[in-house]
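J.: Mind looking over this structure? Questions follow.
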């Protein structure tokens, strides 16, 4: 994954943005989201949506570990973030944000974490079925 998608990974790292809870989001229209509940993994749902709406951007929420990139992905854990890292180049992207995680580790606040996030566009998913 690291070598094969290195250009994609580099571009995603460059285009990633850290949100620190102070950012304001402006709504530009009055369209409402439609909710649909399906029995799919996060990655499968995102890929299905991308195939159906190929011209649209699809956002996938990673319930991320606040203190370390990929959570316990390197130790073989299988929570949501770890599975996303296994299925994609997400770990190779977020592991480049050491200062983000260093700040988080210095501001644990009794595990009442801050509203912070890394937005990383164009994550490449290739290993959806664990093969």
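Residue numbers (the numbering used here): 5 to 135.
Using N, Cα and C, we set each Cβ at its ideal position, and we do this for glycine too.
Predicted model, so just to flag it, every value in this text is computed and none were measured.
1) Rounded to whole angstroms, how far is the Cβ of residue 124 from the Cβ of residue 87, which I believe are closer than 8 Å?
2) State whether the stretch 10-18 contacts the stretch 115-130, with contact taken as three or more CB pairs (one from each stretch) at a distance under 8 Å.
3) Using 8 Å for Cβ pairs, my map puts residue 120 next to residue 108. What's the rounded Cβ distance?
4) To the nearest whole angstrom, what separates the beta carbons of residue 64 and residue 46, a pair I think is in contact under 8 Å?
5) Only counting the same chain, and skipping five residues up and downstream in sequence, which positions put a Cβ closer than 6 Å to that of residue 99?
6) Of the residues 95, 79 and 131, which one's Cα is nearest the Cα of residue 16?
7) What does the Cβ neighbour count give for residue 90, buried or exposed, with the cut at 16 atoms within 10 Å?
T.: If we stick to the structure as given:
1) Within the chain shown, the letter at position 120 stands for residue 124. Within the chain shown, the letter at position 83 stands for residue 87. With a Cβ gap of about 16 Å, residue 124 and residue 87 do not count as contacting.
2) yes
3) For the purposes of this step, residue 120 is identified with residue 116 of the chain shown, where counting begins at 1. For the purposes of this step, residue 108 is identified with residue 104 of the chain shown, where counting begins at 1. With 8 Å as the limit, residue 120 and residue 108 qualify as a contact, their Cβ atoms being about 7 Å apart.
4) Here residue 64 refers to the residue found at position 60 of the chain shown. Here residue 46 refers to the residue found at position 42 of the chain shown. Right, their Cβ atoms sit about 6 Å apart.
5) For the purposes of this step, residue 99 is taken as the residue at position 95 of the chain shown. Once the five neighbours on either side are set aside, the close Cβ partners of residue 99 are 73.
6) Numbered from its first residue, the chain shown carries residue 16 at position 12. The residue with the shortest Cα to Cα distance from residue 16 is 95.
7) Indexing the chain shown from 1 puts residue 90 at position 86. Flag for residue 90 reads buried.
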